Every structure is written in C-alpha cells, then in structure tokens.
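Asks: Count the sequence shown with my numbering and you get residues 840 to 1134, in order.
Ideal placement from N, C-alpha and C gives every residue a C-beta, glycine not left out.
It should be emphasised that the depicted structure is a prediction, and the values quoted were computed from it without experimental measurement.
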Amino acid sequence: MGIILAVLSGVFLLITGIACSVGSDDRKQIYAFNFLLPLSTVILASIFYTDWRMLFQSGHIYTAQVVILLLLSGFCGLGYVLFLMFAMNTGPHSLSLCLGESCLVIPYLFSVIVWKDPTDLLGITGMALISVSIITIGITKEKGPDKQSITNKWFLFMIIAFVLGGAELTLYTLPNRIEGFEDIANLRPSIIQLGRLIMVLPFVVKNLKPKDLDKKIVVVSLTASVFHLLVSVVQFKAMDYLAQDQLMGILYPVSLGTYILLFTAYSHIFRKEKLRPVAWFSMSAIFAGILFLCF
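Take a look at the structure:
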C-alpha cells in the first residue's frame, strides 16, 4: 500500500509541477505563486484535513522538536521551489525539474547511513540507476523551443535548489523517527506550509505590489494548492505505512521518479522541449530503478 500511495503522490505532484512551470514565466509572479500556494494550502488543510478536536485533546504529541523540524522543512521547501522556478525562468523546464528532483538521493542515503534502513543489491542498483539517470538528464545540453541554453546562472540556481530540496525532504521524515510520535490530528501539512508562508513574506513585501498580481497566477496557485495538500496527505500516509516496514528510504525515489517522468512528458508534448536519445534512455532506466526499489 505504501508504494502505491508513493506513486499516486507522484501523479499529484505533476499538477503542482505544471503550476510551477506556468508561474515561472514572470519573475514577479514567482513570488506571488509562492505566497498564494502555502496560504491557500494552510487554509484548506485547516478546514478539511486537520482534526482540531483531537489536537486539543492530545496536543502534547506535537512537541517543540516536532514543530521546529516541520517548520524548517517548510523553510527549505520554500527555498527549493523559489530557486527551481528561477531556474525554469532562465532555462529548459524539464531539465530544471529533473536535476532539482535528483535531490532525493540526499534523504535516501541519509536514511540508509544514519538510520540503518535496510537495503540490498536490488535497492542499491535501483538507486544507482535513478541517480545516474537523473544526473545524465540534468547535464544534457538540449535547448528549448526558444533556443534557451544552459547558463552559469541556471547552474547556480540548480545547485542551491538541489541542496535545499535535499534538506527539505530529510527534515520532512524526521518526526516519524521520534519515538511515540503520531500525527493524530493531521497537523503536519499545515505546519510545513506555515513555515513556507513565514519564509516567503519578506520576499513578497520587497518584490511584489498588489497591482502586480496577475489573475492567471491566482487561479494557478489556488488549483495547485488543492493538489499540494493532496500530495502531503498521500505522502504522509505512505510514509506511515513504509515506516512500519522500515522502508521509508524508497518513498522519494518512487514518488519523485514518477513525478519526473510525467513532467518530462508534459514538457516534451506541451512545451515542445526536445530531448536527445540519451535523455529518453535515461528515463527508461529510471523506470527500471523504481521497479528494483519496489522489489
């Protein structure tokens, strides 16, 4: 069940990825998107997902340590999305996403090295296939339909996004490692999005005025917030299942691997971003890697 939910979260991530792609076309709208998305998600989660009655009855479960870890995950997540969208603003979208999401190697290795999560030859082979394939896609030199090329600025944005994304995903899982923790009030998505909202406010105040807000980005952000919440709900549920079998290390390879493949297809079909045969071969290897990790 955990693996099925991980794949489903990758499908939902596709919608948020397309929203990032659309929102990255204008630098000012990047800030608007990253303000409206967590704001809307917090509101939706508070109304439809958080169990306030259970929270008031057993609020002691959410210790300061848990809240800080989740807020920090939100801080890093905001930085990741910002720099990913900056990269999309300056380079090909499919390559930006593929290289950015390769940050999944950080939490996977962290779980194996620090927490001694089990792995075997198939798991190692699967992780190697996914890692090498994503890196290969990321360093290929294709250009988009508007002849965009890889630049030093693009590469810097991606390095920063990679580091922040890896930190976000690692912090995201740490509460599950704390003995006795259980998200009985379904509060995790709200805390993480609150962290993102706090982090983005200074950027919004400095770079965005109400007159700059585009109606299109409002619609895109509100739509993305629904699926953003669904991603959190499904991923946390998958995490809970996988944690029982000490398989949390495969959550991100499966979820993000699915996401990367679907988004690359979107970029190829709708954004007309062309890929060379080596990139398509790498994507096939990612599928094989996901199968190895699952079995």
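If you count every other CB in all the chains shown that lies within 10 Å of the CB of E940, and 16 or more means buried, which is it?
Replies: Reading the sequence shown from its first residue, position 101 is the one you call residue 940. With 16 or more Cβ atoms within 10 Å of its Cβ, E940 is classed as buried.
Asks: Based on Cα-Cα distance, which residue from A1006, D890, C937, A926 lies nearest to S1121?
Replies: Within the sequence shown, numbered from 1, the residue matching residue 1121 stands at position 282. Per the Cα distances, C937.
Asks: By alpha-carbon positions, which one of N1015, R1115, V1073 ends up nearest to Q1083?
Replies: Taking the sequence shown and counting its residues from 1, one reaches residue 1083 at position 244. Nearest option by C-alpha distance: N1015.
Asks: Shorter than 8 Å, the distance from the beta carbon of P1041 to the closest heavy atom of the ligand FMN, or not?
Replies: As far as ligands go, the structure on display features none, and thus does not contain the ligand FMN.
Asks: Out of S935, S970, D865, point me to the one whose CA is closest to M995's CA.
Replies: In the sequence shown, the residue the question calls residue 995 occupies position 156. Correcting the residue type first, residue 995 is Leu in the shown sequence and not Met. Out of S935, S970, D865, S935 has the C-alpha closest to the C-alpha of L995.
Asks: Going by other Cβ atoms of all chains shown within 10 Å of its Cβ, with 16 needed for buried, is L1081 buried or exposed?
Replies: Walking along the sequence shown from the start, residue 1081 turns up at place 242. Buried, by the Cβ-count rule.
Asks: Considering Cα atoms alone, identify which of A1124, M1038, F872 is closest to L910.
Replies: Working through the sequence shown from its first residue, we reach residue 910 at position 71. Nearest option by C-alpha distance: M1038.
Asks: Do the CB positions of I842 and I1125 come within less than 9 Å of each other?
Replies: Your numbering for residue 842 matches position 3 in the sequence shown. Your numbering for residue 1125 matches position 286 in the sequence shown. Not closer than 9 Å, so no.
Asks: Tell me which residues share the same chain as Q987 and place their Cβ nearer than 7 Å to its Cβ, disregarding the 5 neighbours each side in the sequence.
Replies: Start at 1 with the first residue of the sequence shown, and residue 987 comes out as number 148. Per-residue confidence for Q987 stands at a pLDDT of 49, beneath the threshold of 50, marking its modelled position as unreliable; no derived number is given.
Asks: Rounded to whole angstroms, how far is the Cβ of A1024 from the Cβ of L894, which I believe are closer than 8 Å?
Replies: Locating residue 1024 in the sequence shown gives position 185, where the first residue counts as 1. Locating residue 894 in the sequence shown gives position 55, where the first residue counts as 1. Sure, about 4 Å apart at Cβ, within 8 Å.
Asks: Report yes or no: do three or more beta-carbon pairs, one from the stretch 1000-1016 and one from the stretch 914-931, lie closer than 8 Å?
Replies: Taking 8 Å as the limit for Cβ pairs, the verdict is that the stretch 914-931 does touch the stretch 1000-1016.
Asks: Return yes when the Cβ of F1020 is within less than 9 Å of the Cβ of I900, no when it is not.
Replies: The residue given as residue 900 occupies position 61 in the sequence shown. The residue given as residue 1020 occupies position 181 in the sequence shown. Result yes, Cβ atoms of I900 and F1020 sit closer than 9 Å.
Asks: Can you give the Cα-Cα distance for Q1085 and K1050, rounded to whole angstroms?
Replies: Position 246 of the sequence shown, counted from the first residue, corresponds to residue 1085. Position 211 of the sequence shown, counted from the first residue, corresponds to residue 1050. Roughly 50 Å separates the two Cα atoms.
Asks: Between which residues of its own chain and P984 is the CB-CB distance below 6 Å, once the five residues before and five after are set aside?
Replies: The residue you call residue 984 lines up with position 145 of the sequence shown. Below a pLDDT of 50, predicted positions are generally treated as unreliable, and P984, at 45, falls in that range; no measurement from the model is reported.
Asks: For the stretch 1061-1074 against the stretch 901-908, do three or more pairs of beta-carbon atoms, one drawn from each stretch, fall closer than 8 Å, so that the two count as touching?
Replies: Output reads no: the stretch 901-908 does not touch the stretch 1061-1074.
Asks: Return yes when the Cβ of G1128 is within less than 9 Å of the Cβ of M966, no when it is not.
Replies: Numbered from its first residue, the sequence shown carries residue 966 at position 127. Numbered from its first residue, the sequence shown carries residue 1128 at position 289. Going by C-beta atoms, M966 is nearer than 9 Å to G1128.
Asks: What do you reckon, are the CB atoms on L1101 and A1000 nearer than 9 Å?
Replies: As a position in the sequence shown, residue 1101 is number 262, starting the count at 1. As a position in the sequence shown, residue 1000 is number 161, starting the count at 1. Taking 9 Å as the Cβ cut-off, L1101 and A1000 do not qualify as a contacting pair.
Asks: In or out: G962 buried (at least 16 other Cβ within 10 Å) or exposed?
Replies: Working through the sequence shown from its first residue, we reach residue 962 at position 123. When all chains shown are included, G962 counts as buried.
Asks: Please classify I1023: does DSSP put it in a helix, a strand, or coil?
Replies: Start at 1 with the first residue of the sequence shown, and residue 1023 comes out as number 184. Reduced to three states, the DSSP call for I1023 is coil.
Asks: Measuring straight from C-alpha to C-alpha, what distance separates T880 and H1067?
Replies: In the sequence shown, residue 880 corresponds to position 41, counting from 1. In the sequence shown, residue 1067 corresponds to position 228, counting from 1. Each residue's Cα considered, the two are about 7 Å apart.
Asks: Report the three-state DSSP secondary structure of F1109 (helix, strand or coil).
Replies: As a first step, residue 1109 must be located in the sequence shown, where it is residue number 270. Coil, per DSSP.
Asks: What did DSSP end up calling T880 once you bin it into helix, strand or coil?
Replies: One-based indexing of the sequence shown puts residue 880 at position 41. Note: T880 maps to helix in three-state DSSP.
Asks: Identify whether D890 lies in helix, strand or coil by the three-state DSSP scheme.
Replies: Looking up residue 890 in the sequence shown gives position 51. In the structure shown, D890 sits in coil (DSSP, three-state: anything other than H, G, I, E or B).
Asks: So, are the CB atoms of A858 and V1059 less than 9 Å apart?
Replies: Taking the sequence shown and counting its residues from 1, the one referred to as residue 858 is at position 19. Taking the sequence shown and counting its residues from 1, the one referred to as residue 1059 is at position 220. Contact: yes.
Asks: Where does N928 land, buried or exposed, given buried means 16+ other C-beta within 10 angstroms?
Replies: Looking up residue 928 in the sequence shown gives position 89. The residue in question, N928, is buried, as its Cβ has 16 or more Cβ neighbours within 10 Å.
Asks: Indicate the three-state DSSP secondary structure (helix, strand or coil) for L1047 in the structure shown.
Replies: Translated into the one-based positions of the sequence shown, residue 1047 becomes position 208. If DSSP states are grouped into helix, strand and coil, L1047 belongs with coil.
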